[in-house]
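These protein sequence lines are chains A and B, in that order.
Heads up, the first sequence is in our numbering, so the first residue is 1 and it goes up one at a time.
Heads up, the second sequence is in our numbering, so the first residue is 1001 and it goes up one at a time.
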Amino acid sequence: ETGVTQSPTHLIKTRGQQVTLRCSSQSGHNTVSWYQQALGQGPQFIFQYYREEENGRGNFPPRFSGLQFPNYSSELNVNALELDDSALYLCASTPGRVNTEAFFGQGTRLTVV
Amino acid sequence: RKEVEQDPGPFNVPEGATVAFNCTYSNSASQSFFWYRQDCRKEPKLLMSVYSSGNEDGRFTAQLNRASQYISLLIRDSKLSDSATYLCVVSTSSNTGKLIFGQGTTLQVKP
C-alpha cells in the first residue's frame, strides 16, 4: 500500500451539483497532485499543491479548485458538475514539488447523472 | 497531437511470451520517464523509471531514445499476473512534478 488514502471511494452526483473529494498524503510527503482519468484514457493532470499553495495547473476550468492543509492533506472541489466530469479522480503524493516518483491513492470514482 | 502516444492494444499473448510496448513523446524538453502499471479499476503504480542507459528489473527492461523521443518496455517470460494496462509517463516541468500519461497499452496474458 502507498499510504495515500482518498475518500470517498465512490460517489454519484447530479449535474449542476458540487462535490468535494479528499486525499491524505503519504507520511513525509508535502506535495499533492490531482489527476482525472476518464474511461479508457490515461490520467490527466488537474493541479498540484505544495506547502498549501497551488503550484501548477493543467487544462481544467476554474470550477475545479483545490486546497491543501497544514498536515498536507488536500481537497479537490468541483462546482457545477457536468456529465463529462464522470471519471476516476486520483490523488498522488510526492516528497517534494519536483519529485516525480508519485504514489497514488486508490481513487474516487465519480459518476455524474 | 497527443503529448505521449501509445498503441492502446490490446496485446493478447500466451504465457511465456516476450512482448514489447512502445511509446513516443512530443516534447524534446521532457526530463523524466516512467512506466506505470494499472490493474483494472485500480490506481496506477510505478513499475520502473526509464534512463538513457536503459535499465532492467527482473523480467522487465526499459529503454529510452532521446534522439527519437521514444520509450520502450520489454517483458520477458510473460506471466498471467502481468495482465494489466501499462502507462507510459513523462515529466517535462522543472518546477512541478506534473506527469503526462499516455493512453495506456492493455496486455492480456493467456494460459
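Quick reminder that beta carbons are idealized off the backbone N, C-alpha and C, glycines included.
Alpha-carbon to alpha-carbon, residue j and residue i
i	j	result
Leu88(A)	Thr108(A)	6 angstroms
Gln48(A)	Pro95(A)	13 angstroms
Arg97(A)	Cys1088(B)	21 angstroms
Asn114(A)	Ala92(A)	In the structure as shown, chain A begins at 1 and stops at 113. Residue 114(A) is therefore absent and cannot be evaluated.
Phe60(A)	Gly1016(B)	43 angstroms
Where residue i sits in the DSSP three-state scheme
i	result
Asp1039(B)	coil
Asp1077(B)	coil
Leu117(A)	What the structure shows of chain A is the stretch from 1 to 113, and residue 117(A) is not part of that stretch, so it cannot be assessed.
Asp1057(B)	strand
Leu83(A)	helix
Neighbouring residues, chain A, relative to residue i (Cβ below 9 angstroms)
i	result
Phe1101(B)	Tyr35, Gln37, Gln41, Gly42, Pro43, Gln44, Phe45
Gly1009(B)	Simply none; closest approach about 11 angstroms.
Where residue i meets chain B, residues with beta-carbon distance less than 9 angstroms
i	result
Leu90(A)	Glu1043, Pro1044
Cβ distance (whole Å) where residue i is taken to contact residue j below 8 angstroms
i	j	result
Glu75(A)	Gly66(A)	6 angstroms
Val4(A)	Phe104(A)	6 angstroms
Gln1031(B)	Thr1105(B)	About 23 angstroms separates the two Cβ atoms, so there is no contact after all.
7 angstroms Cβ cut-off: residues of chain A touching residue i
i	result
Ser1093(B)	Gly56
Original post:
Do the stretch 1021 to 1028 of chain B and the stretch 1002 to 1012 of chain B make contact, defined as three or more Cβ pairs closer than 8 angstroms?
Top reply: yes
Subject >> Segment contact, 8 angstroms Cβ cut-off, at least three pairs: the stretch 1097 to 1104 of chain B with the stretch 39 to 56 of chain A >> reply: yes
Subject >> the stretch 1070 to 1086 of chain B touching the stretch 1025 to 1038 of chain B, judged by at least three CB pairs closer than 8 angstroms >> reply: yes
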